[in-house]
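Chemist:
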Amino acid sequence: MVCFSFRHDEDTIEEIRRVTQERVLERGDNHQTIHISTDKDKFIGVMESFLNRFEPCSPHVRPDDGFDVVIELDPTLASRENLETAVVGIKKYFPDLIGELPTAEQYDAAMEHALGYRPDFKHNIPDRGKNKKEDQKGQQAPAKKTRRNFEYMSVAVPSQRISVMLDKAFQNSDPETSRFYMQLKQTRRVQAKFHVTLLHRAMSKEYPELWEKYSILQKWGEDQGKPEDKVGICDVMLERVVFDDRIMAIVVRVSDEHDEWKCVNRVAHITVGTRDSTVKPKESNDLLAKWLDERRNHGGKQDQDSGSEGYPITYQQNP
Numbered sequence: 001m002v003c004f005s006f007r008h009d010e011d012t013i014e015e016i017r018r019v020t021q022e023r024v025l026e027r028g029d030n031h032q033t034i035h036i037s038t039d040k041d042k043f044i045g046v047m048e049s050f051l052n053r054f055e056p057c058s059p060h061v062r063p064d065d066g067f068d069v070v071i072e073l074d075p076t077l078a079s080r081e082n083l084e085t086a087v088v089g090i091k092k093y094f095p096d097l098i099g100e101l102p103t104a105e106q107y108d109a110a111m112e113h114a115l116g117y118r119p120d121f122k123h124n125i126p127d128r129g130k131n132k133k134e135d136q137k138g139q140q141a142p143a144k145k146t147r148r149n150f151e152y153m154s155v156a157v158p159s160q161r162i163s164v165m166l167d168k169a170f171q172n173s174d175p176e177t178s179r180f181y182m183q184l185k186q187t188r189r190v191q192a193k194f195h196v197t198l199l200h201r202a203m204s205k206e207y208p209e210l211w212e213k214y215s216i217l218q219k220w221g222e223d224q225g226k227p228e229d230k231v232g233i234c235d236v237m238l239e240r241v242v243f244d245d246r247i248m249a250i251v252v253r254v255s256d257e258h259d260e261w262k263c264v265n266r267v268a269h270i271t272v273g274t275r276d277s278t279v280k281p282k283e284s285n286d287l288l289a290k291w292l293d294e295r296r297n298h299g300g301k302q303d304q305d306s307g308s309e310g311y312p313i314t315y316q317q318n319p
């Protein structure tokens, strides 16, 4: 079983939104369910809900571990390019399914045929709200807003920044030093999103005042309708990559002018990835505690200069 996974990175989501909306609008009413000419705003909303509900493929945990192969596609590229990527990927992993790869002309012909499709029937998506009587609207009490559980306060760090830093840190390393990083990349065990945990619920009893402060900020962010629950900004300095054969983390320095954002971990860090699903991201704390204890004689744990010292970047803070 093959999974074709369209990559959705936080750094490219706006481009994905723009490209996909342009494609649907250009195709017009040539869909079974989307009828642009009748209600454009309605179906833009439908597309937006698709983006909001998107969940990335996680091939190392259930149920996605049931796929034999995961082939990544880029939604910002032309469909013609993704078609060729899909076919070449299938040929690579299942050579007996495809004899000779199609020619460029055959790819083009297949795209022309697909784009020329005209649906013989259409599905109408009902707008249930329009079936309600107008006088009922004023009688309904506003729905009570459900608050999400507050698990931790963290500083969100763009994925692209981390990827560039890691590649730079390991580009001139010997094979032994870079082996685990390459393993994480090849097995797709590098996390899709990165953050610096400031305070987790598990430590709230040890730091009740700070937990209360962060809880108030989180509730304020929700009440204000802050995008992605951003409640502030914080400088993060990426300093050093530390790893063993199970887990990799980046040592960071968290700071701000007013000393507002406190990190209670012994070593502020970003977890990069783990060897497999049996290794939990929270084990970064154990790794870095041992690294501190053994730093003088460099025993056991390895570390790699990230090359980012003196390069502070401001990131949005997400609860």
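In the UniProt record's numbering, the protein residues as written are 1 to 319. The C-beta atom is built at its ideal place from N, Cα and C for all residues, glycine as well.
1) W261 to S255, Cα distance in whole Å?
2) On the premise that V241 lies in contact with L287, defined as a C-beta separation below 8 Å, what is that separation, rounded to the nearest angstrom?
3) Along the beta strand (DSSP E) that carries V2, what are the first and last residues, could you check?
4) Are the CB atoms of G66 and V2 within a distance shorter than 9 Å?
5) Does DSSP classify F170 as helix, strand or coil?
6) Is the beta carbon of F243 closer than 9 Å to that of R201?
7) Taking the beta carbon of S79 as the centre, do at least 16 other beta carbons fall within 10 Å, making it buried, or is it exposed?
8) Check H113 in the structure and name its three-state DSSP category.
9) Under DSSP, the beta strand (DSSP E) around S154 begins and ends at which residues?
10) Using CA coordinates, which residue listed in S204, Q218, I13 is at the minimum distance from P75?
11) Identify the residues that DSSP records as bridge partners of G273: which are they?
12) DSSP has V164 in a bridge; who is on the other side?
13) Note the first and the last residue of the continuous alpha helix (DSSP H) segment covering I216.
14) Alpha carbon to alpha carbon, how far is I44 from E26?
15) Tell me, which residues are paired with T197 by DSSP?
16) Is it true that the stretch 171-186 meets the stretch 203-216, where meeting means three or more beta-carbon pairs spaced less than 8 Å apart?
17) Expressed to the nearest angstrom, what Euclidean distance is found between the alpha-carbon atoms of I250 and F6?
18) Suppose you measure from the CA of M153 to the CA of L199; what does that come to, to the nearest Å?
19) Helix, strand or coil for I233, going by three-state DSSP, please let me know.
20) Buried or exposed: where does W291 fall if 16 or more other Cβ atoms within 10 Å of its Cβ makes it buried?
21) Hey, how far is the Cα of V157 from the Cα of G116?
22) What is the residue span of the beta strand (DSSP E) that V69 lies within?
23) With 16 other CB atoms within 10 Å as the buried threshold, where does F194 fall?
24) Work out the CA separation of E55 and C263 for me, nearest whole Å.
25) Let me know the secondary structure DSSP gives A77 once reduced to three states.
26) How many angstroms separate the CA atom of V190 from the CA atom of D96?
27) Pick out whichever of D9, E48, F4, H8 has its Cα sitting closest to the Cα of V24.
28) Alpha carbons only, please: which of R53, I270, D9, A110 is nearest the one belonging to N82?
29) A289 lies in the alpha helix (DSSP H); which residues open and close that run?
30) Tell me, please, which residues DSSP counts as bridged to L238.
31) From E283 to E294, what distance separates their C-alpha atoms?
32) Would you call E239 buried or exposed, if buried means 16 or more other Cβ atoms sit within 10 Å of its Cβ?
33) DSSP three-state call for F94: helix, strand or coil?
34) Measuring alpha carbon to alpha carbon, tell me which of N52, F50, L51, F94 ends up nearest I71.
Modeler: The answer reads as follows:
1) Their backbone Cα atoms lie some 7 Å apart in a straight line.
2) That belief does not hold up - the Cβ atoms of L287 and V241 are roughly 11 Å apart, past 8 Å.
3) Counting along the chain, the beta strand (DSSP E) containing V2 begins and ends at 2-6.
4) no
5) helix
6) No, the Cβ-Cβ distance between R201 and F243 is not below 9 Å.
7) exposed
8) helix
9) 152-157
10) I13
11) V190, M248
12) DSSP lists no partner for V164.
13) 208-223
14) 13 Å
15) S154
16) Contact between the stretch 171-186 and the stretch 203-216 is absent, because fewer than three Cβ pairs lie under 8 Å.
17) 27 Å
18) 6 Å
19) strand
20) buried
21) 43 Å
22) 69-73
23) In the assembly as shown, F194 is a buried residue. Its beta-carbon has 16 or more other beta-carbons within 10 Å.
24) Roughly 29 Å separates the two Cα atoms.
25) In the sequence as presented, Ala is not what sits at residue 77; that position holds Leu. L77 falls in the coil class under three-state DSSP.
26) 31 Å
27) Out of D9, E48, F4, H8, E48 has the C-alpha closest to the C-alpha of V24.
28) A110
29) 284-294
30) V252
31) Between the alpha carbons of E283 and E294 lies a gap of roughly 17 Å.
32) buried
33) Correct three-state label for F94: coil.
34) Per the Cα distances, F94.
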